[in-house]
Amino acid sequence: MTSRTALGWPELASVPGELVMADELPDGLIVADETGQVIVFNAAAARLTGVRPDEALGKELFDILPLHDADGRDWWSLTDPYHGLQTRTRHPERPLFLADGTEMLVHVRYVREPRRRRDVRRLVVALHDASQRARLERSRADLVSTVAHELRSPLTSVKGFTATLLSKWHRFTDDQKRVMLETVNADADRVTRLITELLDVSRIESGRLEVHRQLVDVPERARKIMAGRVAAGEPEDRFRLTVAGGLPETWLDADKVDQILANLIENAVRHGAGTVTVVVEPAAGGDVVAVSVQDEGEGIAPDLASRVFRQFWRGKRRGGTGLGLYIVKGLVEAHGGTISVGRAPGGGAEFRFTMPAGTPLA
Ligand SMILES: Nc1ncnc2c1ncn2[C@@H]1O[C@H](COP(=O)(O)OP(=O)(O)O)[C@@H](O)[C@H]1O
Ligand SMILES: [Mg+2]
1001 MTSRTALGWP ELASVPGELV MADELPDGLI VADETGQVIV FNAAAARLTG VRPDEALGKE
1061 LFDILPLHDA DGRDWWSLTD PYHGLQTRTR HPERPLFLAD GTEMLVHVRY VREPRRRRDV
1121 RRLVVALHDA SQRARLERSR ADLVSTVAHE LRSPLTSVKG FTATLLSKWH RFTDDQKRVM
1181 LETVNADADR VTRLITELLD VSRIESGRLE VHRQLVDVPE RARKIMAGRV AAGEPEDRFR
1241 LTVAGGLPET WLDADKVDQI LANLIENAVR HGAGTVTVVV EPAAGGDVVA VSVQDEGEGI
1301 APDLASRVFR QFWRGKRRGG TGLGLYIVKG LVEAHGGTIS VGRAPGGGAE FRFTMPAGTP
1361 LA
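Each residue of the sequence shown is one higher than the one before, starting from 1001 at the first, in the working numbering.
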């Protein structure tokens, strides 16, 4: 009996059973009949408006759901749904205000007589809470301002040193010039790194992260990354790799696994202290690989544990972007895995992630 509109709303062909389904919708759904009486008032509508369904059903829609625009005008008299333009079939989503001032995103659809008279048969109103969207927009604005700040400080230094060198070239010794150019070089690297990480963040947020699976030897990857740090000057005895038996064959994205391990190992070296131990072991009966990266530093206080994976969150030590762990979490989750932080046996931080072994195709 029910057909669906393009919006996915049930047509509600006067089947009472549909009311149950309407209650499962996350958005408020209110339907009025051709006389303007409320015939559907779902659970979300009750939650959003504070009106109980039994108070609403059978009443006038305009009384039960007074709506005002930003200028305080009564929206129902403004639009006059039952007498206005006969060609009108909907009002696109717009922010409107309930009697108590709460902002709602409101979307209205007119179900009309199919033939000549085209009278309104039903008015379908969808409501959703505007605060969530406002929060999202605020966090986007925060992100833009954080990024702007993050980019500005290295660029200020680049600009300052190059301007100084250009105007006073002959007043500096070669050593002084070298120091300035090294700073400029490091700041340029920082900007590049920040931009690369922001692109990763954007891929994670938009769900565009693609996992290209291949056979990956996780312990071998960890060994390579540690060797790289030793080659870059870290003492060899700072690193330890423990590999348990019975590891599954793992089909993962090799570059992403490298990125995860490199980030966690870098954090352990930079934010932690002592020996950095990587443990690779099977989990969940052998279909999952688990990797722990442990250090012997101060660790992470339990009340901060949920924060470390957020964008731009970083502790006392500056230098990083605070995006590393956010990206790591995104990469792990793109593989269907999970990551958590706890206390290592040696007292420092332990980051542990698990990933299903995967198959060549999935
Ligand atoms: N192994 C660790 N030991 C102690 N603190 C850590 C460790 N790893 C990460 N952290 C904390 O988490 C913060 C966020 O890490 P991350 O997202 O990689 O950003 P970044 O390394 O750029 O600061 C760090 O600034 C640091 O305060
Ligand atoms: Mg980091």
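Ideal Cβ positions, reconstructed from N, Cα and C, are used throughout, including at glycine.
Bear in mind that the values here come from a model prediction, so they are computed numbers and not experimental data.
Exposed unless 16 or more other CB atoms sit within 10 angstroms - verdict on residue i
i	result
HIS1271	buried
GLY1337	buried
VAL1144	exposed
HIS1149	exposed
LYS1168	exposed
LYS1159	exposed
LEU1067	buried
VAL1279	buried
For residue j and residue i, the rounded distance between their alpha carbons
i	j	result
ARG1138	ASP1174	48 Å
ARG1404	HIS1107	This structure cannot speak to residue 1404, because the chain is shown only from 1001 to 1362.
THR1359	VAL1218	15 Å
ARG1314	ASP1063	51 Å
ASN1042	LEU1029	6 Å
LYS1059	VAL1038	6 Å
ALA1290	GLY1036	60 Å
PRO1282	THR1164	57 Å
ASN1267	GLY1207	25 Å
ARG1307	ALA1231	32 Å
ASP1119	TYR1082	7 Å
LEU1241	ILE1260	16 Å
LYS1177	ARG1229	29 Å
SER1157	ASP1187	7 Å
SER1003	PRO1026	Residue placement at SER1003 is poorly supported in this model, since its pLDDT is 43, which falls under 50; the coordinates still yield a value, given next. Approximately 19 Å between the Cα atoms of the pair.
LEU1065	ARG1352	51 Å
LEU1012	VAL1124	Low confidence applies here, because LEU1012 scores a pLDDT of 47, under 50, leaving its location unreliable and the question unanswered by this model.
ASP1255	LYS1329	15 Å
ARG1099	ALA1044	The displayed chain sequence assigns Ala, not Arg, to residue 1099. Cα-Cα distance, rounded: 17 Å.
heavy atom of ligand 1 below 7 Å from residue i C-beta
i	result
HIS1271	yes
THR1348	Reading off the sequence shown, one finds Gly at residue 1348, where the question assumed Thr. GLY1348: yes, Cβ under 7 Å from ligand 1.
VAL1279	no
LEU1323	yes
TYR1326	yes
GLY1342	no
TRP1251	no
GLY1330	no
GLY1424	Any answer about residue 1424 is impossible in this case: the structure gives the chain only from 1001 up to 1362.
ASP1303	no
ASP1187	no
VAL1308	yes
Residue i CB to nearest heavy atom of ligand 2 below 7 Å
i	result
GLU1298	no
GLU1150	no
GLU1024	no
LEU1067	no
GLY997	For residue 997 there is no data in the structure shown, the boundaries of the chain being 1001 and 1362.
GLU1234	no
GLU1266	yes
ASN1263	yes
Three-way DSSP call (helix, strand, coil) for residue i in this model
i	result
GLY1330	helix
SER1206	coil
VAL1269	helix
GLU1298	coil
HIS1212	coil
GLY1358	coil
LEU1085	coil
HIS1149	helix
ALA1349	strand
VAL1158	helix
PRO1219	helix
ARG1343	strand
VAL1293	strand
PRO1053	helix
ASP1255	helix
LEU1323	coil
LEU1067	coil
GLU1281	strand
ALA1032	strand
ASP1074	strand
PHE1062	helix
GLN1132	helix
Beta-carbon proximity check, residue i vs residue j, cutoff 8 Å
i	j	result
ARG1122	ALA1032	yes
LEU1325	PHE1312	no
ASP1303	ALA1349	no
TRP1251	LEU1215	yes
ASP1253	ARG1190	no
GLY1286	GLY1246	yes
LEU1323	GLU1205	no
ARG1073	LEU1105	no
VAL1332	ILE1300	no
ARG1363	LEU1209	The question about residue 1363 has no answer, for the chain in this structure spans 1001 to 1362.
HIS1335	VAL1211	yes
Cβ of residue i within 8 Å of any chain C Cβ
i	result
ALA1043	No chain C is part of this structure, which consists of one protein chain only.
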